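Following: one structure in C-alpha cells, then a few remarks.
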Amino acid sequence: IALVMSTVDAVYRSRAELLNEARRDAISSASEIARSAERASLGSVSTIASDLTLEGAGDNVALVAMIDPEGTVVMASRLSFRGEPAAKVIPDFDEALFVRVVSNHVRDVTESPDGRRVRAVVPYDERTPEARVRNLAHGAILVDLDLTHQVELLRHESVHYLGRQLAMSVGGMLLLAWLMRSRVTTPLARLEEASLQFAARGEVREPVPVDGPREVAALARNFNEMTARIQQARQELQASAARHTAVVEAATDGILTVDNDYRIRMINPAGAMMFGYAQPDLVGRVLSDLLPENHWPLHLRQKQHAGGLEPGPTVVGVHTLVRGVRSDGEVFAADASFSH
C-alpha cells in the first residue's frame, strides 16, 4: 500500500512538473515568435516564417499559428491552415480568450482537462503605421503542445518502477518470513512441543536447543533449567517416597492413615495382618470398622462430632489404649499413637 501510494504521488508530482515545464515552454516559444514578428522588416515575413517553422519542429509541438485580429490564420506549421479561420481549423479554439489576449495585450496559458495538451496564446504588436496597414504586426501567436507521449512514457516508467519495487518488497518479505520462521517460529514451536510433552509426561526426552534470537534463546535456556530442576526435585521426592514406603512396609507395628471423614487411605502389611484383612480390602473403609465408636478415645469422639479431624495439640502425638476388632469379630486391646 505504501509503495502504491508513493508511486501514485510520484506520478502526480511528475505530471505536475511536466505541465509546469510545458507551460513555460509554450509561453517561451510563443513569445519568441511574437518578438520575431515585432522585429520583422516591413514587407518581409521570411524571418517570421523560418522562426515559426523552427518552433513547429520542436518536441511535443502540435501546432504553431500566427493569427490576425480577425481570427484568420496568417501562418501556421500546418500549411493547410493558412488563410483559414482559426475557429474552423484549430480544435477547441476559444474566440473570447483570443479577443481578450489581443485587445488587452496579455498572455494566456490553458491546459486540456486530461492534462495532455497545453496551449499558449501570446499577443504581438509592431508600433508602425505601415505594419498596421499590412496587418502583420498586430494579432496573437498560438502554440499547442501535445504531452501524450510524455504522459504515456511517465505512466509506463511508473508501472515498471512500481513492479520492480513490489518485486523487491515481496522478495524482502519472503526473506524476512524465512528468517522469522527459522530463527523465531521454529524455536518457539520446539518450546511449545516440549512444554506440552512436559505437561503430559512430567519429563522431556531431550533439552530444547538454545538458539534463535537472544530473547528466544534465553527462554529456551530458562525452560531447560526449569525442567531439569523439576525433574531433579521429582526424583528426590520419588526417592523420599520410596524410602518412606519402605520404612512403613517394613515396620512391625500397624500403621494406617485416614482422611477427614475417617476413611482409610493407607495401611501397611503389619496393620492389615493385625486386623486380619488383606491390604486392598481395607483401603476406603471407615475407621469404625476397625475401632468401634464406643471404643474410640475421647479426643477422636470430640473431633468426630465437631466434623472431622483438625490440626491441634489434642491430636498430635497422643498415646492411648484402644480396642480393635479383627475380621472375625475378635476384640483386642492395642496401644495406639495418633498424630495429625
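Note that my numbering has the sequence shown beginning at 616, numbered continuously upward. Just so it is clear, CB atoms sit at the ideal spot from N, CA and C, and this is done for glycine as well. Bear in mind the structure is a predicted one, so any value in this text is a computation, not a measurement.
- Boundaries cannot be given for Asp709, as no beta strand (DSSP E) includes it and DSSP labels it neither H nor E.
- One thing to note: Arg734 has its Cβ no nearer than 8 Å to the Cβ of Leu762.
- Annotated three-state conformation of Pro884 is helix, per DSSP.
- Fewer than three Cβ pairs drawn from the segment 779-793 and the segment 810-824 lie within less than 8 Å of each other, which leaves the two stretches out of contact.
- Counting C-beta pairs closer than 8 Å gives fewer than three between the segment 862-871 and the segment 834-842, which falls short of the contact rule.
- For Phe947, the enclosing beta strand (DSSP E) starts and ends at 946-953.
- Within the same chain, and ignoring the five residues on either side of Gln846 in sequence, the residues whose Cβ sits closer than 7 Å to its Cβ are Glu818.
- With contacts defined by Cβ atoms closer than 8 Å, Ala702 and Gly686 form a contacting pair.
- In this structure the segment 679-696 does not lie against the segment 762-772, because fewer than three pairs of beta carbons, one per stretch, are closer than 8 Å.
- Taken in chain order, the complete beta strand (DSSP E) segments of 3 or more residues contained in the segment 648-733 are 676-682, 688-691, 723-726.
- Sequence-distant Cβ neighbours of Asp740 in its own chain, meaning closer than 8 Å and more than five residues away, are Glu653, His720, Ala752, His753.
- Following the DSSP letters along the chain, one finds Gly754 inside the beta strand (DSSP E) bounded by residues 753-761.
- Around the Cβ of Gly939, a 10 Å sphere holds 16 or more other Cβ atoms; the residue is buried.
- The secondary-structure analysis by DSSP pairs Leu871 across a beta bridge with Ile882.
- The criterion of a C-beta distance shorter than 8 Å is satisfied by Leu757 and Ile705.
- The DSSP-derived three-state label of Val901 is strand.
- For the pair Asp759 and Ala677, the Cα-to-Cα distance works out to about 5 Å.
- As DSSP reads the structure, His934 sits in a beta bridge with Ser952.
- Classified as buried, Asp666 has 16 or more neighbouring CB atoms from the shown chains inside 10 Å of its CB.
- The beta-bridge partner set that DSSP reports for Ala735 consists of Val724, Val758.
- Of His775, Phe953, Ser903, His934, the smallest CA-CA separation from Val946 is found for Ser903.
- Met783 and Arg798 have their C-alpha atoms spaced approximately 22 Å apart.
- The C-beta of Tyr877 has 16 or more other C-beta atoms within 10 Å across all chains shown, which makes the residue buried.
- Separation of Phe838 and Ala856 (C-alpha to C-alpha, rounded to the nearest whole angstrom) is 26 Å.
- Counting other Cβ atoms within 10 Å of its Cβ, Gln850 stays below 16 and is therefore classed as exposed.
- A distance below 8 Å separates the beta carbons of Leu871 and Gly886.
- The beta-carbon separation of Glu699 and Val688, rounded to 5 Å, stays under the 8 Å limit for a contact.
- Taking C-beta separations shorter than 8 Å and ignoring five residues to either side along the sequence, Asp624 has no partners in its chain.
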